[in-house]
Amino acid sequence: MAHATTTTTTTTTTVPPFNLSSPPGTDIWRKPPSHNAFNAPTHPATLPTFPLKTFQRARLTFALPPTSKLRQYDQAGLLLHFTKPGLDPLKTKWVKTGIEFYYGAPYVSTVGCDAWADWSVAPLQTTPGSSPASPLGNGTRPTATIEARRESDALGTSLWVYQVLRDAQGAELEKRPLREVTWVFAEEEGWSVGVGGYVCRPTEEGGDGLLEAEFKEGFEVEVLDEKEVGK
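Below, the structure is given as structure tokens:
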């Protein structure tokens with residue numbers, strides 16, 4: 001008996017390599033009772049935006065300056081910004097994930113903001129089997145490849161965030177799971193997602209120097225062709 005084969009069509013949008021810098025006093029963070037910061041530089045400055053119901057995955061690779069030049073909470077990475085027409089700009093939702101410098105060491109940091117933000121950190125690793133406790137030398141630039149992707153199981157659909165470990169030639173070795181964000185696709189109709197790179201330097205102590213991150217491979221976003229949605 002012949003079996004029908006179902007195929008889906010996706011489109012991948014790529015953004016070329018770029019550098020992005022941020023002055024002190026910038027952040028993306030929302031904490032009760034009233035703190036709501038969203039003033040970090042992004043690239044592109046106006047994020048490319050896609051219908052949320054079509055979003056499949058986004059990936060980028062980036063590097064911060066050497067650890068000797070980093071301050072508490074310096075960070076860079078991938079931003080997903082969720083909006084819909086008529087929504088109060090102060091009530092948009094977002095996920096940011098990347099590297100954050102925290103008490104003298106770089107971590108892989110993920111923050112999800114539905115009503116309020118929550119935060120998790122995991123050890124930054126460079127290769128499978130490397131010790132997460134091994135500190136980077138002061139001349140080493142913390143670097144990571146991060147991917148956020150739609151995934152489904154028997155209980156529903158979530159956004160999963162991974163650190164992608166690669167070898168010296170760039171070949172993928174392992175996707176290390178960092179976070180499952182369950183609310184992202186709970187309501188998709190009418191929602192859009194803007195995708196890009198971000199840099200934050202929340203700490204003002206230490207002077208006016210800029211934090212500059214290098215996104216040496218740009219980034220890519222894969223979306224389902226809208227005619228495929230609902231099939």
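According to UniProt numbering, the sequence shown holds residues 1 to 231 in order. Ideal Cβ positions, reconstructed from N, Cα and C, are used throughout, including at glycine.
Grouping DSSP H, G and I as helix and E and B as strand, with all else coil, what is residue i?
i, result
"Thr14", "strand"
"Lys216", "coil"
"Thr42", "strand"
"Pro89", "helix"
"Thr143", "strand"
"Lys31", "strand"
"Tyr73", "coil"
"Thr157", "strand"
"Thr67", "helix"
"Glu151", "strand"
"Pro202", "coil"
"Thr26", "coil"
"Thr61", "strand"
"Leu210", "coil"
"Gly20", "As written in the sequence, residue 20 is Leu, which differs from the Gly given in the question. Here Leu20 sits in strand by DSSP."
"Tyr102", "strand"
"Gln56", "strand"
Compute the distance between the beta-carbons of residue i and residue j, then report whether it is under 7 Å.
i, j, result
"Leu52", "Glu188", "yes"
"Lys93", "Phe82", "yes"
"Gly194", "Val15", "no"
"Ala117", "Arg179", "no"
"residue 233", "Val229", "In the structure displayed, the chain extends from 1 to 231; residue 233 sits before or after that span and is not available."
"Thr67", "Asp225", "no"
"residue 269", "Arg201", "In the structure displayed, the chain extends from 1 to 231; residue 269 sits before or after that span and is not available."
"Gly197", "Phe215", "yes"
"Val121", "Tyr107", "yes"
"Ala213", "Leu78", "no"
"Thr145", "Thr61", "yes"
Since residue i sits in a beta bridge, which residues does DSSP pair it with?
i, result
"Ala117", "Cys113"
"Phe50", "Val193"
"Lys96", "Leu79 and Val111"
"Glu174", "Leu165"
"Leu224", "Thr10"
"Trp183", "Answer by DSSP bridge pairing: none, since Trp183 is not bridged."
The region 55-63 in contact with the region 136-156 per 3-pair CB rule at 8 Å: The region 55-63 makes contact with the region 136-156, as at least three CB pairs between them are under 8 Å.
Using 8 Å as the cut-off, can you tell me whether the region 31-41 makes contact with the region 168-181, which would need three or more C-beta pairs spanning the two stretches below that distance? Contact between the region 31-41 and the region 168-181 is absent: fewer than three C-beta pairs spanning the two stretches fall below 8 Å.
Taking three-plus beta-carbon pairs below 8 Å as touching, is the region 178-188 in contact with the region 93-110? By the Cβ rule, the region 178-188 counts as touching the region 93-110, because three or more pairs are nearer than 8 Å.
The region 150-165 / the region 94-110 touching (three or more Cβ pairs under 8 Å): Contact between the region 150-165 and the region 94-110 is established, with three or more Cβ pairs separated by less than 8 Å.
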